[in-house]
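Residue numbers (my numbering), protein chains in the order written: chain D, 1 to 146; chain W, 1 to 342; chain C, 1 to 118.
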């Protein structure tokens, strides 16, 4: 065939429609911003009774709860199909990535399906986030020694 | 008997597709080919039949296609002498579980999305050579079973890229009989060669499979001395819009432009509506378009001679994660019309 | 004013994520992982705290904030108990979000069912 992989790579790039970046970004901005706005409202609500730290934790828990409910109802993924990173990056996206395999792999059993697949997507976030905090902790401790 | 022309197996006395049927789900029901389907359901989980999971739901869909096909052929399960079938599930379980209930001799086949042309070609070779009188060929795909196996849970929120293709929830079944029977004649079959042009993007399967389609078409035209103009239509399986564009470009460069090319992935859905992006895909895509659209057109004499190429991407999730490129394959089946056979 | 900043900063962080997905072909899982690690780094060099004070939930709700939480937690634990704190501080600070995700996910699995989204 009159084709080589290098040449083909160029052809494919030209033939593939690009992502509509502006539209994607507008969606991401408004939905992501909206979720954060909701978070801010919740935070201010909890601040009426609790300190900053606890209010932040309660805000996270509430958003996670809302994400779980909307995922179960099939709404979160409908919004995500448009919002992209707008629903991915907030903690609600993290929650969606934990809730969705839990629901999906029920068919494979509670322990071997739900339990083992629950961190299928979110696992790397926790693993590398924890590692990074450990490394930073070590540095911070060492810095205190000198 | 058959003879070879290069990679092409030509049947001097062609076997025929005596009966066929297509089954589909909700999105297929909203698509432009809905009228040609034998069975359509909004209940893709088959909850009304107490189906426990998506994998079994795909088997249910296959059974609907097989039942309709055998009913049209006027035969029972017992009279099927051999079955070639496959699907996208790991270890081809949808087909194997379906065959528990059919109890006919069965050879499982894996060709990813090329399975319809592959099983059809095998069935034609067996009926054409008299090794079996009635051979069943079928395949399917189910969006939900494929998504949870290859991508992410159905509930996971993600945005699809513009080159992504939608796995069809559909099945197609064909019953083939030996030469001299009534039906759509299978004039020749060409088994493809694996092609890999270093495409790595799993969201651009059409591009990964295009070289395989071009290669098989070139083998076919070289072997038979025919030209694209000799056919009413040249149908590829599921290249989608991106892969189809690339195929036209490549064939033009090879000096064999395709003026009458159509792609099953672009026919099955209204492109641009409801998350379909670059078109349909999955083994059930070309299978259902064959049975709901191509064979009826040949039966009614609207078309007299077509090439039907199913294209498959032969990677697995493991090889993808290991960073391997995506090899493609395409098998070609040449179909005629009834009068032409006699 | 706080609300406006929360909206703008939160939206902006999401736009950066979208640009990464559209232009670099990074998969969503890689973007998320990158965000958390970046959050830890930004917090460690002291850049994230001012942003969190300005934007509130706009900085804490995106996953960068998750990283910030891990980094602040580990510092607090090291201050309190020394070296062993590097093993407890991070996850401890993030425990609320993680436990809530797990518990609500299990409840959702109990009550929900995988559905065809088409």
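Where a beta carbon is used, it is the ideal one built from N, C-alpha and C, also for glycine.
Asked: 8 Å CB neighbourhood of residue 229 of chain W in its chain, flanking five on each side removed; Found: 259 and 260
Asked: Neighbour flag for residue 132 of chain D against chain C, beta carbons, 8 Å; Found: yes
Asked: Beta-carbon proximity check, residue 32 of chain C vs residue 131 of chain D, cutoff 8 Å; Found: no
Asked: Residue 54 of chain C versus residue 64 of chain C - alpha carbon distance; Found: 15 Å
Asked: The stretch 213 to 222 of chain W touching the stretch 243 to 260 of chain W, judged by at least three CB pairs closer than 8 Å; Found: yes
Asked: Run of the alpha helix (DSSP H) containing residue 130 of chain D, from where it starts to where it stops; Found: 123 to 145
Asked: Inter-residue CB distance, residue 34 of chain W and residue 44 of chain W (contact presumed, cutoff 8 Å); Found: Contact doesn't hold; Cβ gap of about 14 Å is too wide.
Asked: Members of the stretch 20 to 53 of chain C near chain W, C-beta cut-off 8 Å; Found: 21, 25 and 28
Asked: Cβ-based neighbour list, residue 32 of chain D, same chain, cut-off 8 Å, excluding 5 preceding and 5 following; Found: 83, 85, 86, 87, 89 and 90
Asked: Extent of the continuous alpha helix (DSSP H) run through residue 5 of chain C; Found: 2 to 24
Asked: Helix, strand or coil at residue 141 of chain W according to DSSP, with G and I counted as helix; Found: strand
Asked: Proximity test, residue 263 of chain W beta-carbon vs the ligand ATP heavy atom, cut-off 7 Å; Found: This structure simply doesn't include the ligand ATP, nor any ligand for that matter.
Asked: When W:187, W:191, W:273 and W:268 are compared against residue 338 of chain W, the one with the closest alpha-carbon; Found: W:187
Asked: Cut-off 7 Å between Cβ atoms - residues of its own chain near residue 223 of chain W, not counting five sequence neighbours on either side; Found: 5, 6, 7 and 8
Asked: Contact check, residue 65 of chain W vs residue 83 of chain W, beta carbons under 8 Å; Found: no
Asked: Beta-carbon gap between residue 50 of chain D and residue 59 of chain D smaller than 8 Å; Found: no
Asked: Best match in D:35, D:116 and D:117 for proximity to residue 13 of chain C [C-alpha to C-alpha]; Found: D:35
Asked: Per-residue DSSP class, three states only, for residue 82 of chain D; Found: helix
Asked: Beta bridge counterpart(s) of residue 21 of chain W as assigned by DSSP; Found: W:173
Asked: Pairwise C-alpha distance: residue 237 of chain W and residue 289 of chain W; Found: 9 Å
Asked: Beta carbon proximity, residue 324 of chain W to chain D, threshold 8 Å; Found: no
Asked: Inter-residue Cα distance where the pair is residue 164 of chain W and residue 265 of chain W; Found: 12 Å
Asked: CA nearest to the CA of residue 134 of chain W, picked from W:90, W:88, W:156 and W:75; Found: W:75
Asked: Residues that residue 329 of chain W bridges to, as DSSP identifies them; Found: W:312
Asked: Contact list for residue 79 of chain C against chain W, beta-carbon separation under 9 Å; Found: Within 9 Å Cβ-Cβ: nothing; residue 79 of chain C doesn't reach chain W, min ~38 Å.
Asked: Residue-level contact to chain W via CB, residue 57 of chain D, 8 Å cutoff; Found: no
Asked: Buried or exposed (CB count within 10 angstroms, at least 16 for buried), residue 50 of chain W; Found: exposed
Asked: Residue 270 of chain W in three-state terms, based on DSSP; Found: coil
Asked: Nearest residue (CA-CA) to residue 67 of chain W, options W:19, W:321, W:52 and W:89; Found: W:19
Asked: Buried/exposed call for residue 212 of chain W, threshold 16 Cβ in 10 Å; Found: buried
Asked: Partners in chain D for residue 114 of chain C, counting only beta-carbon separations shorter than 8 Å; Found: 103, 104, 106 and 107
Asked: Identity of the residues DSSP links to residue 234 of chain W by a beta bridge; Found: W:261 and W:307
Asked: Residues from the stretch 15 to 33 of chain W in contact with chain C, defined by Cβ distance under 8 Å; Found: 25, 26 and 27
Asked: CB of residue 242 of chain W within 8 Å of CB of residue 81 of chain D, strictly; Found: no
Asked: Three-way DSSP call (helix, strand, coil) for residue 342 of chain W in this model; Found: Only weak support exists for where residue 342 of chain W lies, its pLDDT of 43 falling under 50; the value from the coordinates is given anyway. Three-state result, residue 342 of chain W: coil.
Asked: 8 Å CB neighbourhood of residue 52 of chain C in its chain, flanking five on each side removed; Found: 59, 60, 65 and 68
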